[in-house]
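*Asks:*
There are 2 protein chains.
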Amino acid sequence: MTDITMIRAAAERIKGKARVTPLLSSPFLDEIAGRKLWLKPECLQHTGSFKFRGAWSAISALSPEDRKRGVIAFSSGNHAQGVALAAARHGISAVIIMPSDAPTIKIENTRALGAEVVLFDRATEDRDEVAAKYNKDRNLTLIKPFDNPYVLAGQGTTGLEIAAQAAKEGVTDADVLVPCGGGGLTSGIALALEADASAMRVHPCEPENFDDVARSLKSGKIEVNPAKNGSVCDAIITPSPGKLTFPLMQRLCAPAVVVSDNECLQAMALAFDRLRIVIEPGGAAALAGALFHSDELQGEHVIVVASGGNVDRPMFEIALETTP
Amino acid sequence: MTDITMIRAAAERIKGKARVTPLLSSPFLDEIAGRKLWLKPECLQHTGSFKFRGAWSAISALSPEDRKRGVIAFSSGNHAQGVALAAARHGISAVIIMPSDAPTIKIENTRALGAEVVLFDRATEDRDEVAAKYNKDRNLTLIKPFDNPYVLAGQGTTGLEIAAQAAKEGVTDADVLVPCGGGGLTSGIALALEADASAMRVHPCEPENFDDVARSLKSGKIEVNPAKNGSVCDAIITPSPGKLTFPLMQRLCAPAVVVSDNECLQAMALAFDRLRIVIEPGGAAALAGALFHSDELQGEHVIVVASGGNVDRPMFEIALETTP
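Chains as they are written, first to last, in this note's numbering: chain U, 246 to 569; chain B, 246 to 569.
(1) Look at the alpha carbon of Arg446(U) and the alpha carbon of Cys478(U), and state the distance between them as a whole number of angstroms.
(2) For Leu422(B) and Arg519(B), what's the separation of their Cα atoms in angstroms?
(3) For Gly428(B), which option in Ala412(B), Lys389(B), Ser464(B) has the closest C-alpha, if you only look at C-alpha atoms?
(4) Quick one: give me the first and last residue of the alpha helix (DSSP H) that Phe297(U) is part of.
(5) Can you look up Met251(U) in the DSSP assignment and give me helix, strand or coil?
(6) Any contact between the stretch 499–518 of chain U and the stretch 398–413 of chain U? By contact I mean 3 or more CB pairs, one from each, below 8 Å.
(7) Starting from Val375(B), trace the alpha helix (DSSP H) in both directions and tell me its first and last residue.
(8) Quick one: is Thr292(U) buried, meaning 16 or more other Cβ sit within 10 Å of its Cβ, or exposed?
(9) Of the residues Ala254(B), Lys262(B), Gly544(B), Leu289(B), which one's Cα is nearest the Cα of Ala419(B)?
(10) Enumerated in chain order, which unbroken segments of the beta strand (DSSP E) with a length of 3 residues or greater are wholly contained in the stretch 312–336 of chain B?
(11) Residues of chain U with a CB under 9 Å from the CB of Ile350(B): which are they?
(12) Could you name the residues of the same chain whose beta carbon sits closer than 6 Å to that of Thr369(B), not counting the 5 residues immediately before and after it, in chain order?
(13) Whether or not the stretch 353–373 of chain B and the stretch 530–544 of chain U are in contact is what I'm after, with contact meaning three or more pairs of Cβ atoms, one per stretch, closer than 8 Å; do they touch?
(14) Near Thr417(U), what residues of its chain come up, given a Cβ to Cβ distance below 8 Å and the 5 sequence neighbours on each side ignored?
(15) Need the endpoints of the beta strand (DSSP E) that Pro492(B) sits in, please.
(16) For the stretch 260–276 of chain U, which residues have a CB atom closer than 8 Å to at least one CB atom of chain B, in sequence order?
(17) Tell me where the beta strand (DSSP E) around Glu451(U) begins and ends.
(18) Give the range of the beta strand (DSSP E) segment to which Val523(B) is assigned.
(19) By Cβ distance below 8 Å, which residues in the same chain neighbour Ala501(U) in space, the five residues on each side in sequence not counted?
(20) Taking the continuous beta strand (DSSP E) assigned at Val416(U), which residues delimit it?
(21) Any idea what DSSP makes of Pro344(B), helix, strand or coil?
(22) How about Val547(B) and Leu282(B): are their beta carbons less than 8 Å apart?
(23) Our contact map puts Pro344(U) next to Ser308(U) with C-beta atoms below 8 Å; I'd like the distance itself, whole angstroms only.
(24) Can you name the residues that DSSP bridges to Thr386(B)?
(25) Leaving out five residues before and five after Thr486(B) in sequence, what residues of the same chain have Cβ atoms less than 7 Å from its Cβ?
(26) Under 8 Å by Cβ, that's how I've got Ser432(B) and Thr483(B) pegged, so tell me the actual separation to the nearest angstrom.
(27) Find out if the Cβ-Cβ distance for the pair Glu353(U), Ala551(U) is shorter than 8 Å.
(28) If Leu532(U) sits next to Val549(U), beta carbons under 8 Å apart, how far is it from one beta carbon to the other, in whole angstroms?
(29) Once you ignore the five residues that flank Pro526(U) on each side, which residues in its own chain have a CB closer than 6 Å to its CB?
(30) Run the CB neighbour count on Pro267(B), radius 10 Å, all protein chains shown included, and call it buried at 16 or more, exposed below.
(31) Which chain U residues sit within Cβ distance under 8 Å of Arg558(B)?
(32) Does the Cβ of Arg496(U) have 16 or more other Cβ atoms within 10 Å, making it buried, or fewer, making it exposed?
(33) Assuming Ala398(B) and Ser302(B) are in contact, meaning their beta carbons sit under 8 Å apart, how far apart are those beta carbons, in whole angstroms?
(34) With DSSP as the reference, identify every bridge partner of Phe365(U), one or two as the case may be.
(35) Can you confirm whether Arg298(U), when its beta carbon is compared against all beta carbons of chain B, has any partner nearer than 8 Å?
(36) Please list the terminal residues of the continuous alpha helix (DSSP H) segment that includes Leu565(B).
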């Protein structure tokens with residue numbers, strides 16, 4: 246089970262491999278949020294999302310024999326690219342099972358990073374079965390997107406950086422908002438902050454109709470989303486919290502914040518205007534929470550993670566045309 | 246006259262005030278450039294451009310008496326915002342003379358940062374005369390955008406960071422491409438690299454029809470652009486190199502690279518796709534040079550500065566619709 250020791254070990258393995266993303270801010274966003282807002286742009290991470298951290302952590306922790314045989318992963322796109330690049334930089338092969346409705350740019354990039362891409366239909370096929378079938382004879386190691394202790398430890402390195410960078414700005418007490426799919430990033434950050442910034446409160450952020458974590462935290466058991474697609478937030482519409490991540494979120498997280506697709510698009514446009522960064526819809530869920538749900542937060546500081554920036558040009562134009 | 250000692254002193258005054266922007270890269274951009282490409286995103290700097298560095302450097306170097314009276318500046322937008330924020334954070338007033346055809350977002354932001362904005366017509370009025378007239382009775386200190394030794398020293402801090410960050414990546418020999426208007430950023434970086442990375446070659450980058458620096462470096466005397474506007478690169482269509490900056494560029498710079506407006510728009514779109522950052526047209530001139538004029542460069546590494554990111558949404562959409 247992932248703990249702070251594993252996160253610190255992952256940070257050692259990742260050092261010089263993943264980017265230390267900065268902590269950005271803008272007086273214009275502070276005004277909308279009604280408090281000081283800090284943003285951790287993991288969209289600037291290698292492959293455009295935090296997923297590279299977990300992928301590097303997991304692959305670098307494999308035994309040399311396992312690593313040599315290669316890895317397999319299933320992902321709507323960001324985990325795919327993270328695993329593809331981490332595998333390529335380890336000199337090993339990667340097979341990635343992707344839903345056929347994933348954004349074109351994510352599928353193309355995963356291929357271009359050297360991975361073998363296998364597409365499946367998200368509505369009619371089960372991705373675990375597709376992966377198992379494809380991997381029958383190759384004995385590749387499955388790198389799960391969140392229910393893997395080493396992946397979780399890798400995502401947690403984001404939290405170590407947040408604690409250190411916030412302390413440098415004199416911030417020790419804050420709401421920390423994290424876009425949440427399966428909960429790997431959220432629970433990793435929560436574990437890191439429990440150790441290094443224990444006064445911070447971590448809120449998972451989810452899109453409407455895909456609020457499985459919000460409902461699970463309320464009911465005390467793992468809830469599943471009825472729909473499988475139908476949100477612009479493709480990166481975080483995971484069906485339910487993970488078996489590893491849910492108990493951690495239950496123990497460590499404050500209530501979830503549920504945002505609309507339109508709020509995510511507005512947050513993308515404001516991040517364009519004010520921070521000059523590109524965030525994808527799902528990656529903007531936490532910023533949307535901070536900007537448009539300020540009554541659900543407390544305190545003078547809010548720290549948001551922009552978890553990814555892999556968005557097609559047409560979708561970004563839709564965001565730019567979303568008022569205000 | 247600005248020298249490396251003044252740049253190091255500016256770096257001390259700026260420490261903790263300006264952002265240390267990271268050095269980004271993407272295997273996809275390397276492939277287009279035909280060499281390893283590194284990008285310094287000053288679009289992520291406070292106020293969205295490197296100009297905050299020079300403004301902070303100049304204002305922090307004023308005597309307390311001069312500073313108290315306030316400052317005045319003329320600028321198409323980026324220097325304006327840099328001076329406005331640096332003045333506000335010093336608790337002093339700022340008057341900014343801006344051309345009426347500057348991008349709306351730059352005019353609005355300058356006002357919102359607390360400055361008093363005065364508009365003038367770039368085609369029919371002389372900005373120096375407007376500024377002098379406006380300042381007759383107030384005795385504000387004029388902060389020139391590039392012909393000011395302290396401003397130049399502030400811009401040079403970008404070069405100190407490039408040298409240190411490149412060395413950390415094992416890079417000591419590279420072409421360094423810098424978007425060039427009056428030459429403050431270019432000559433500041435050239436001075437810093439002369440001291441800290443002397444094997445690097447600094448190339449000013451300019452848009453077609455506004456290639457005053459390219460022509461001045463060739464002819465050996467200050468040349469002036471015939472046109473005053475007519476390029477999307479509003480940030481860098483300065484009429485001629487500065488009196489302070491030209492001798493420095495003459496002594497320290499490699500030949501300039503001249504790029505088309507369309508190449509700048511393509512570079513913006515590729516930075517969106519591959520680095521998830523927002524660059525304005527003029528700020529993308531160096532990236533355009535590295536991507537589309539690789540035959541004018543040598544060596545295995547190219548470092549480009551993305552000098553600013555203050556672009557209106559409609560112009561950014563035009564860039565996204567520029568193939569490829």
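Don't be surprised by glycine CBs; every beta carbon is placed ideally from N, CA and C.
*Replies:* Per the coordinate set shown:
(1) For the purposes of this step, residue 446(U) is identified with residue 201 of the first sequence, where counting begins at 1. For the purposes of this step, residue 478(U) is identified with residue 233 of the first sequence, where counting begins at 1. When only Cα atoms are considered, Arg446(U) and Cys478(U) end up about 24 Å apart.
(2) Along the second sequence, one-based indexing puts residue 422(B) at 177. Along the second sequence, one-based indexing puts residue 519(B) at 274. When rounded, the distance between both Cα atoms is 19 Å.
(3) Numbered from 1 along the second sequence, position 183 holds the residue referred to as residue 428(B). Residue Lys389(B) holds the alpha-carbon nearest to the alpha-carbon of Gly428(B) among Ala412(B), Lys389(B), Ser464(B).
(4) Locating residue 297(U) in the first sequence gives position 52, where the first residue counts as 1. According to the DSSP assignment, Phe297(U) belongs to the alpha helix (DSSP H) that extends over 296–306.
(5) By 1-based counting over the first sequence, the position of residue 251(U) is 6. For Met251(U), the three-state secondary structure derived from DSSP is helix.
(6) Put simply, the stretch 499–518 of chain U does not touch the stretch 398–413 of chain U. Fewer than three CB pairs are less than 8 Å apart.
(7) Here residue 375(B) is taken as the residue at index 130 of the second sequence, counted from 1. Counting along the chain, the alpha helix (DSSP H) containing Val375(B) begins and ends at 372–379.
(8) Within the first sequence, numbered from 1, the residue matching residue 292(U) stands at position 47. Label assigned to Thr292(U): buried.
(9) For this step, residue 419(B) is matched to residue 174 along the second sequence. Each of Ala254(B), Lys262(B), Gly544(B), Leu289(B) was checked against the Cα of Ala419(B), and the nearest Cα belongs to Gly544(B).
(10) Listed in chain order, the beta strand (DSSP E) runs fully inside the stretch 312–336 of chain B are 316–319, counting runs of at least 3 residues.
(11) As a position in the second sequence, residue 350(B) is number 105, starting the count at 1. Asp518, listed in chain order.
(12) For this step, residue 369(B) is matched to residue 124 along the second sequence. Non-local C-beta neighbours of Thr369(B) in its own chain, meaning closer than 6 Å and more than five positions away in sequence, are absent.
(13) With the cut-off at 8 Å, the stretch 530–544 of chain U and the stretch 353–373 of chain B do not touch.
(14) For the purposes of this step, residue 417(U) is taken as the residue at position 172 of the first sequence. Ala411, Ala442, Ala444, Met445, listed in sequence order.
(15) Locating residue 492(B) in the second sequence gives position 247, where the first residue counts as 1. Per DSSP, Pro492(B) belongs to no beta strand (DSSP E); it is in the alpha helix (DSSP H), 490–497.
(16) Those would be Arg264, Val265, Thr266, Pro267, Leu269, Pro272, Phe273, in chain order.
(17) Translated into the one-based positions of the first sequence, residue 451(U) becomes position 206. Taken as a continuous stretch (DSSP letters only), the beta strand (DSSP E) holding Glu451(U) covers 446–452.
(18) As a working note, residue 523(B) is residue 278 in the second sequence. Looking at the DSSP string, Val523(B) is not in any beta strand (DSSP E), and its letter there is neither H nor E.
(19) As a first step, residue 501(U) is located in the first sequence; it is residue number 256 there, counting from the start. Sequence-distant Cβ neighbours of Ala501(U) in its own chain, meaning closer than 8 Å and more than five residues away, are Cys425, His448, Pro449, Cys450, Glu451, Asp456, Val458, Ala459, Leu462.
(20) Position 171 of the first sequence, counted from the start, is the residue given in the question as residue 416(U). Following the DSSP letters along the chain, one finds Val416(U) in no beta strand (DSSP E), marked with neither H nor E.
(21) Walking along the second sequence from the start, residue 344(B) turns up at place 99. Looking at Pro344(B) - three-state DSSP - the assignment turns out to be strand.
(22) Walking along the second sequence from the start, residue 547(B) turns up at place 302. Walking along the second sequence from the start, residue 282(B) turns up at place 37. Yes, they are a contact pair.
(23) Locating residue 344(U) in the first sequence gives position 99, counting from the first residue. Locating residue 308(U) in the first sequence gives position 63, counting from the first residue. Between Ser308(U) and Pro344(U) the Cβ distance is about 31 Å, and since that is not below 8 Å, they are no contact.
(24) For this step, residue 386(B) is matched to residue 141 along the second sequence. DSSP links Thr386(B) through a beta bridge to Val316(B).
(25) In the second sequence, residue 486(B) corresponds to position 241, counting from 1. Looking at the sequence shown, residue 486(B) is not Thr but Pro. Taking Pro486(B) as the centre and dropping the five residues before and after it, the same chain places the C-beta of Gly427, Gly428, Asp457, Val458, Ser461, Ile467, Met494 closer than 7 Å to its C-beta, in chain order.
(26) Taking the first residue of the second sequence as 1, we reach residue 432(B) at position 187. Taking the first residue of the second sequence as 1, we reach residue 483(B) at position 238. Their Cβ separation, rounded to whole angstroms, is 13 Å, which puts Ser432(B) and Thr483(B) out of contact at 8 Å.
(27) Within the first sequence, the letter at position 108 stands for residue 353(U). Within the first sequence, the letter at position 306 stands for residue 551(U). At the C-beta level, Glu353(U) and Ala551(U) stay beyond 8 Å of one another.
(28) On the first sequence, position 287 is the one that residue 532(U) refers to. On the first sequence, position 304 is the one that residue 549(U) refers to. Leu532(U) to Val549(U), Cβ: 5 Å. Contact.
(29) Here residue 526(U) refers to the residue found at position 281 of the first sequence. The residues are Val477, Cys478, Cys509.
(30) Here the question's residue 267(B) lines up with position 22 in the second sequence. Buried: at least 16 other Cβ atoms inside 10 Å.
(31) The residue given as residue 558(B) occupies position 313 in the second sequence. Near Arg558(B) (Cβ distances below 8 Å), the residues of chain U are Ala514, Phe517, Asp518, Leu565, Glu566.
(32) Position 251 of the first sequence, counted from the first residue, corresponds to residue 496(U). Residue environment for Arg496(U): exposed (fewer than 16 other C-beta atoms within 10 angstroms of its C-beta).
(33) The residue given as residue 398(B) occupies position 153 in the second sequence. The residue given as residue 302(B) occupies position 57 in the second sequence. Rounded, the Cβ-Cβ distance is 5 Å, consistent with contact.
(34) Indexing the first sequence from 1 puts residue 365(U) at position 120. Here Phe365(U) is bridged, per DSSP, to Pro344(U).
(35) Residue numbering aside, residue 298(U) sits at position 53 when the first sequence is read from its first letter. It does not; no Cβ of chain B falls within 8 Å.
(36) Residue mapping note: residue 565(B) aligns to position 320 of the second sequence, counting from 1. If you look at Leu565(B), you'll find it in the alpha helix (DSSP H) that goes 558–565.
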